[in-house]
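Terminal number for the sequence shown in our numbering: 597, no gaps in between. Even for Gly, the Cβ is constructed at its ideal location relative to N, Cα and C. A quick note: this is a predicted structure, and the numbers were derived from the prediction, not measured.
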Amino acid sequence: MSATVFSSVEIRIGGSRADMGKVGDLVLVRRLDTKHSLAVCGFVESELRFTMKGELTVSPGDVIELYMDGMRFADHYVDDIRRNGDTVRIRAHDLMRGLSARWPTEISAPVRSQQFIGGLAQIYGFTGAAGVPLMDLYPSDVNKRTGRQILMAVSEYGCGVWYCSNGNALCFTAFGQSSGEHSMTDGTLYAHSVKGPITAVTAENTASREVYTAGSASPQQTLRLSGPAFTQARTTELASALVGVTVRSFYAEGMTVYVPTEGLSAFVQDGVRYIAYRTELRFGSRVWAKAYTEDICDDGTDLVPASGLVQGMTEGRLYGTVSADGDGFGIVEEPGEDVRGASRHGFSAVVDDVTMFDGAVLDGTMPDRIEKVSDTVRRIVYGGSSYLLSYQESGGTKTDITLVKEV
């Protein structure tokens, strides 16, 4: 690895300034984690990764501060450290990762979301909350739930996504909006499919199974939503608010970025806004971005792309990419240190409507942690609980699969 000297970028680890001459492969990735193919609910999570040469004292949980021309990004917290000779590879995530912890108290009566989420933000380490959709939260929405589950219900009702701002606040962005815009003065953009302009909304109340509609349109102009709090009045309200919203899938790279990004970034070319569901910033002689939004389902179903389901999945400390062949979808581990090479893993079972992917739970939300207990046992920390996935394997086929919640 050849080190790069950054003239306008600074990293501080645990409050101490890093020698940027020893820093390399500095990348900041923000991606949308949602159970839909559109940003109608869910979270924008941020991951910072880089390498450093020489001795470095760093521990899990240490805060990483990143500055660009004196402007600060959101704080990231170390959760993966790998050493290879004199090189240390570090991964860190923003405060959104900590929302998987269970909410510590219970309520006995409905509360207004704005006040409740303000308190939730402080408990989980945010500096505050902004843009909170207004709704009532009931004991069933809060009690014995994780912060992530509570916020998911609010994001479904509000029709938008949560993210951690560069000021470390918990913020909400409504569907069709972005957290910042960047004019494309360079780079290349390829426009793909379009959904919209939205003229109708269909919403399913997942508690009562009632379906509400407002407006009239073709599937390409209809936004499909679901959540436990939808009513006809809310569906009509959203249909009115979202009239004319258009979502464009695209791929772009090589754009110079001059200010820190946060949340969902929009890249503007010839007056057209392209909102990125994944943005990668790479720091070198300049800061440049790669950004894209995957193709949108054109049949109105707004299903989750298979690649989105497994994106970011880990097995222990093994990272991989999706493949598809005659055996179906699978994950191929990326070659590298501490990785077995081209080993392939695939779907293995469906238990209680939860798809198991070689030890990973895929219902639209990634597990918090997957531990290898033995060759045929995985411990999965998910939704605030711990599970043991066990199976027998012979000739590459898994049998006798069981999923048991640990007490």
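Cβ neighbours of residue 304 in the same chain (closer than 7 Å, five flanking residues each side left out): Along the sequence shown, read from residue 1 onward, the residue named residue 304 stands at position 114. Within the same chain, residue 304 has close Cβ partners 322, 324.
Tell me the DSSP secondary structure of residue 578 in three-state form. In the sequence shown, the residue the question calls residue 578 occupies position 388. In the three-state scheme derived from DSSP, where H, G and I count as helix and E and B as strand, residue 578 is classed as strand.
My guess is that residue 466 and residue 448 are in contact by the Cβ rule of under 8 Å, so how many angstroms apart are they, rounded? Position 276 of the sequence shown, counted from the start, is the residue given in the question as residue 466. Position 258 of the sequence shown, counted from the start, is the residue given in the question as residue 448. No, residue 466 and residue 448 are not in contact; Cβ-Cβ is about 16 Å, not under 8 Å.
Express the C-alpha separation of residue 258 and residue 287 in angstroms, rounding to a whole number. Position 97 of the sequence shown, counting from 1, holds the residue named residue 287. Position 68 of the sequence shown, counting from 1, holds the residue named residue 258. Roughly 23 Å separates the two Cα atoms.
At 3 residues or longer, and completely inside the region 433 to 463: list those beta strand (DSSP E) runs for me, N to C. Here the runs fully enclosed are 437 to 446, 455 to 459.
Exposure label - residue 450; buried when at least 16 CB within 10 Å: By one-based count along the sequence shown, residue 450 stands at place 260. Answer is buried; the Cβ neighbour count reaches 16.
Residue 277 to residue 234, Cα distance in whole Å? Within the sequence shown, residue 277 is the residue found at index 87, counting from 1. Within the sequence shown, residue 234 is the residue found at index 44, counting from 1. Cα to Cα, residue 277 sits roughly 30 Å from residue 234.
Residue 499 - DSSP class collapsed to helix/strand/coil: Start at 1 with the first residue of the sequence shown, and residue 499 comes out as number 309. With a pLDDT of 37 at residue 499, under the threshold of 50, the predicted position of this residue should be treated as unreliable, and no value is reported.
Any chance the region 222 to 240 sits against the region 412 to 419, with 3 or more Cβ pairs inside 8 Å? The region 222 to 240 and the region 412 to 419 touch, with no fewer than 3 CB-CB distances between them shorter than 8 Å.
Coarse secondary structure for residue 303, derived from DSSP in three states: Here the question's residue 303 lines up with position 113 in the sequence shown. Helix at residue 303.
Taking the C-alpha atoms as reference points, what is the distance between residue 205 and residue 275? The residue given as residue 205 occupies position 15 in the sequence shown. The residue given as residue 275 occupies position 85 in the sequence shown. Looking at the two C-alpha atoms, the distance is approximately 25 Å.
Can you give me the C-alpha to C-alpha distance between residue 372 and residue 471, rounded to a whole angstrom? Position 182 of the sequence shown holds residue 372. Position 281 of the sequence shown holds residue 471. The alpha-carbon atoms of residue 372 and residue 471 are separated by roughly 13 Å.
Using a Cβ-Cβ cut-off of 8 Å (strictly less than) and excluding sequence neighbours within five positions of residue 464, which residues of its own chain qualify? Taking the sequence shown and counting its residues from 1, one reaches residue 464 at position 274. Cβ within range, chain order: 379, 381, 438, 440, 442, 456, 457, 458, 481, 483.
Where DSSP assigns a beta bridge to residue 561, which residues make up the other side? One-based indexing of the sequence shown puts residue 561 at position 371. Residue 561 is bridged to 569.
Which word fits residue 570, buried or exposed, when buried means at least 16 other C-beta atoms lie within 10 angstroms of its C-beta? Start at 1 with the first residue of the sequence shown, and residue 570 comes out as number 380. Residue 570 comes out buried.
So, under 8 Å CB-CB, residue 238 and residue 218 are touching, yes? Tell me the CB distance rounded to an integer number of Å. To locate residue 238, count along the sequence shown from 1; it is residue 48. To locate residue 218, count along the sequence shown from 1; it is residue 28. By a beta-carbon distance limit of 8 Å, residue 238 contacts residue 218. Their separation comes to about 5 Å.
Could you pull out every unbroken beta strand (DSSP E) segment of at least 3 residues lying fully inside the region 335 to 377, listed in chain order? List check, beta strand (DSSP E) in window: 350 to 354, 360 to 364, 370 to 373.
Supposed contact pair residue 327 and residue 301 - C-beta distance, whole angstroms, cut 8 Å: Taking the first residue of the sequence shown as position 1, residue 301 is located at position 111. Taking the first residue of the sequence shown as position 1, residue 327 is located at position 137. Right, the Cβ-Cβ distance comes to about 5 Å (below 8 Å), so this counts as a contact.
Buried or exposed: which applies to residue 213, given that a residue is buried once 16 or more other Cβ atoms fall within 10 Å of its Cβ? By 1-based counting over the sequence shown, the position of residue 213 is 23. A buried status is given to residue 213, since no fewer than 16 other beta-carbon atoms sit within 10 Å of its beta-carbon.
What does DSSP give as the partner residue(s) for residue 465 in the beta ladder? As a working mapping, residue 465 is identified with position 275 in the sequence shown. Partner(s): 456.
Along the chain, where does the beta strand (DSSP E) containing residue 428 start, and where does it finish? The count along the sequence shown starts at 1 and reaches residue 428 at position 238. For residue 428, no beta strand (DSSP E) encloses it; the enclosing alpha helix (DSSP H) starts and ends at 422 to 431.
In terms of alpha-carbon separation, which member of 388, 395, 282 lies closest to residue 432? What you label residue 432 is simply residue 242 of the sequence shown in a count that begins at 1. Of the candidates 388, 395, 282, the one whose C-alpha sits nearest the C-alpha of residue 432 is 388.
Residue 284: buried (16+ other C-beta within 10 angstroms of its C-beta) or exposed? Along the sequence shown, one-based indexing puts residue 284 at 94. By the neighbour-count criterion, in which 16 or more other beta carbons inside 10 Å mark a residue as buried, residue 284 falls on the buried side.
Opening and closing residue of the alpha helix (DSSP H) in which residue 331 lies: Within the sequence shown, numbered from 1, the residue matching residue 331 stands at position 141. Its alpha helix (DSSP H) spans residues 329 to 332.
According to DSSP, is residue 198 helix, strand or coil? What you label residue 198 is simply residue 8 of the sequence shown in a count that begins at 1. If DSSP states are grouped into helix, strand and coil, residue 198 belongs with coil.
Could you pull the DSSP bridge partners for residue 243 from this structure? Indexing the sequence shown from 1 puts residue 243 at position 53. According to DSSP, which records beta bridges pairwise, residue 243 is partnered with 277.
Alpha carbons only, please: which of 294, 406, 230 is nearest the one belonging to residue 312? To locate residue 312, count along the sequence shown from 1; it is residue 122. Nearest C-alpha to residue 312 among 294, 406, 230: 294.
Residue 232 beta carbon less than 8 Å from that of residue 345: As a working note, residue 345 is residue 155 in the sequence shown. As a working note, residue 232 is residue 42 in the sequence shown. Between residue 345 and residue 232, the CB-CB gap stays under 8 Å.
Per DSSP, what kind of secondary structure is residue 516 in: helix, strand or coil? Here residue 516 corresponds to residue number 326 of the sequence shown, with the count starting at 1. Because the pLDDT of residue 516 is 40, which lies under 50, any placement of that residue in the model is unreliable, and the number read from its coordinates should be weighed accordingly. Of the three classes helix, strand and coil, the one that applies to residue 516 here is coil, per DSSP.
Excluding the 5 residues flanking residue 314 on each side, which residues of the same chain have their C-beta closer than 7 Å to its C-beta? By one-based count along the sequence shown, residue 314 stands at place 124. Taking residue 314 as the centre and dropping the five residues before and after it, the same chain places the C-beta of 285, 288, 289, 337 closer than 7 Å to its C-beta, in chain order.
So, helix, strand or coil for residue 181, using DSSP? Missing from the structure shown is residue 181; the chain here goes from 191 to 597 and no further.
Near residue 168, which residues of its chain fall below 7 Å by C-beta distance, leaving aside the five closest residues on each side in sequence? Because the chain in this structure spans residues 191 to 597, residue 168 falls outside the shown range and cannot be described.
From residue 356 to residue 266, what does the alpha carbon distance come to, in whole angstroms? If you number the sequence shown from 1, residue 356 lands on position 166. If you number the sequence shown from 1, residue 266 lands on position 76. Using only the alpha carbons, I get a separation of about 10 Å.
Distance, Cα to Cα, residue 364 vs residue 320? Taking the sequence shown and counting its residues from 1, one reaches residue 364 at position 174. Taking the sequence shown and counting its residues from 1, one reaches residue 320 at position 130. Taking the straight line from one Cα to the other gives about 12 Å.
Using the rule of at least 16 other Cβ atoms within 10 Å of the residue's Cβ for burial, across every protein chain shown, is residue 503 buried or exposed? Within the sequence shown, the letter at position 313 stands for residue 503. Bear in mind that the predicted position of residue 503 carries a pLDDT of just 38, short of 50, making it too unreliable to give a figure here.
Looking at residue 359: is its Cβ nearer than 8 Å to the Cβ of residue 317? As a position in the sequence shown, residue 359 is number 169, starting the count at 1. As a position in the sequence shown, residue 317 is number 127, starting the count at 1. Yes; because the gap between Cβ atoms is below 8 Å, this pair is in contact.
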